Every structure is written in C-alpha cells, then in structure tokens.
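In my numbering, the protein residues as written are 71 to 265. Glycine is no exception: its CB is placed at the ideal position from the N, C-alpha and C atoms. Since we're looking at a predicted model, the values are computed, not measured. To start, the structure under review is shown below, and the notes come after it.
As structure tokens, then:
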C-alpha cells in the first residue's frame, strides 16, 4: 500500500499523468506522512492517475511553486508600497503584512455543520489589492466603464456627454472627469431609481 499525502504530494484537479521518471530517489517524499493521508493500493493509485483524478507533482515542483508564490507576494507588496496614495484599506493591509512578514496563503476551515470555507490569506488579499490598483490606473479599464455608463444614458443626455470614441487615447483623469460629468447629468433626472 502506498501512503498518499493529498495535501502536499498530489493535486486532485485532474490533468495528464506525470512523467514516467517521477518515481526516482531524487523525488522521494522526505516529510512525515500527514495525519489525513489516504492509504490506497498501487493498482488504485495507477488507475486514479490514469483517469486524471490525481496529478503527480514532485517535491521540486512544489518547491518551485512555493518560490513563485513568494516572489509574487514580494512583487505585490512592493507595488502597493510604491503607490502614491494607497488608501486606508491598502495601508492597513501593508501594516498586516509588515507585522506578519512572510507569505501567508489561504486557510481552509471546516465549520460545525461539515461545510468548508476558505479564508483569504495575506497573499491573496495583496494580489487582489494589486490587481485593483492596476485596474484603477488603467485608461482602458476606465474607458470600458465609461462606455457602459454612456450606453445607459437616455438619448437626450448623450448629446451633453463625450462619446466613448472621443475619449479613446485619453488619460485616466480625463476619462474620470467624463464619468463625473455623466454623474452630474444623471443627477438632473427625477425619479431615476423609480422610488
């Protein structure tokens, strides 16, 4: 029987079987067998790999993935630290990172009823904040949002707002000014929300 450490050695998300040279001494599992390891026969193991129910990963693969996650964490932290005006939420997040220091991944918990939840770790929260900051600085994203706003304007108000095409190539600040103009136009409407 083979002890399978699902949490660290195998990923049950499908995919092709691993290379035939995976079972060599250099890839041997050196850690303790986790308490939640599942014991299966070698035939069952082969069958599960063949059906794509398990994907084989070497210790080197796991180490490389951990290193990539650490690098992404550091890049996101540095990017957010360099923001001119990060805002209160990002400042709080950076303070939490400074207090904890290292990469902290998501944490899975099982609730009393047996349901599981995933709590986002600092790494995920940093990644989300960095992506949000990148989107906020993107003229392309701002123009996409403006285009949706413009399309929803009543026809008689569209003549008082710049067309999305006229804002192509403009800065984020110019597009945001056009959004503020649309907000002002919408404020002139009565019963806009039908309340």
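Rounded to the nearest angstrom, what separates residue i and residue j at their Cα positions?
i: residue 219; j: residue 258; result: 15 Å
i: residue 152; j: residue 210; result: 22 Å
i: residue 146; j: residue 105; result: 34 Å
i: residue 245; j: residue 165; result: 32 Å
i: residue 256; j: residue 224; result: 9 Å
i: residue 205; j: residue 160; result: 15 Å
Classify residue i as buried or exposed, calling it buried when 16 or more other Cβ atoms lie within 10 Å of its own Cβ.
i: residue 167; result: buried
i: residue 196; result: buried
i: residue 192; result: buried
i: residue 128; result: buried
Any idea what DSSP makes of residue i, helix, strand or coil?
i: residue 103; result: coil
i: residue 98; result: coil
i: residue 188; result: strand
i: residue 132; result: helix
i: residue 108; result: strand
i: residue 223; result: coil
i: residue 205; result: helix
i: residue 231; result: coil
i: residue 154; result: coil
i: residue 124; result: coil
i: residue 145; result: helix
Determine the extent of the alpha helix (DSSP H) in which residue i is found, giving its start and end residues.
i: residue 120; result: 112-120
i: residue 245; result: 242-257
i: residue 164; result: 157-170
What residue range is occupied by the uninterrupted beta strand (DSSP E) comprising residue i?
i: residue 179; result: 177-180
| Are three or more beta carbon pairs between the segment 136-150 and the segment 170-183 nearer than 8 Å? | Touching, yes, given that three or more Cβ pairs across the two stretches are closer than 8 Å.
| message | Quick test of the definition: if touching needs 3 or more C-beta pairs under 8 Å, does the segment 201-217 touch the segment 238-252? | response | In short, these stretches touch, since the Cβ pair count reaches three.
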